[in-house]
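Trainee:
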Amino acid sequence: MSGPTSGPVSGPRPLRRRVEHVDTDAAGVVHFTRYASLIETALLEDLEAMGVGTRLMSEHQLQPAVTELRMRYGAAARFPDRIEVRADVDHVGGASWRVSGTVRRLPDRPDDGAGPLLASGTLVLCLVNAADGSPAPLPAALRAALRAQLSEERADGRDG
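Sequential numbering of the sequence shown, starting at 10, is according to the working numbering.
1) Closest by CA to Asp117, which one among Ser109, Arg91, Leu71, Ala85?
2) Taking contact to mean 3 or more Cβ pairs, one atom from each stretch, closer than 8 Å, check whether the region 39-55 and the region 119-132 are in contact.
3) So, at 6 Å on beta carbons, what are the nonlocal neighbours of Asp165 in its own chain, with the 5 sequence-adjacent residues on each side left out?
4) Would you decide whether Glu29 is buried or exposed? Buried here means 16 or more other CB atoms lie within 10 Å of its CB.
5) Taking its Cβ as the centre, do 16 or more other Cβ atoms sit within 10 Å of Thr14, making it buried, or is it exposed?
6) Looking at the secondary structure, which residues open and close the alpha helix (DSSP H) in which Arg87 lies?
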């Protein structure tokens, strides 16, 4: 089993994408369940960029699982809005980690500042054994990468 394929990158990178028709309900509004999924996707992309993503988990025969989810909704995203999703690490334990996430509508022009907050929330994740679903400790490489990201976020003033 190998370690990370590359060193940690500097902080989480926002996920930017266009709302797809499949994300919406019949009225063209993003379904409430999609916001949590988008935050999870941003987190998984960050882990991949740090070299500790799903490939590392598979090598250890582990899968990520969400154990807690809390969301707040502020405004609706619609097809085909452009959005930005962030996932920031809040806490790292021996067997789980907590992420806070935000989903914002991107402004029409880059110089218009931050777009409106559409949703925010927290996800608590753990790893489970792929064979039987039993809880598993975080591999050392994943725990170290998450803690490094947590330290960078605190140094940048993004904690809390």
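All residues carry an ideal CB built from backbone N, CA and C; glycine is no exception. Everything numeric in this text was worked out from a predicted model, so none of it was measured.
Mentor: Result, derived from the coordinates:
1) Arg91
2) yes
3) none
4) exposed
5) Residue confidence for Thr14 is low, a pLDDT of 40 falling below 50, so the modelled location carries little weight and cannot support an answer.
6) Taken as a continuous stretch (DSSP letters only), Arg87 belongs to no alpha helix (DSSP H), as it is neither H nor E.
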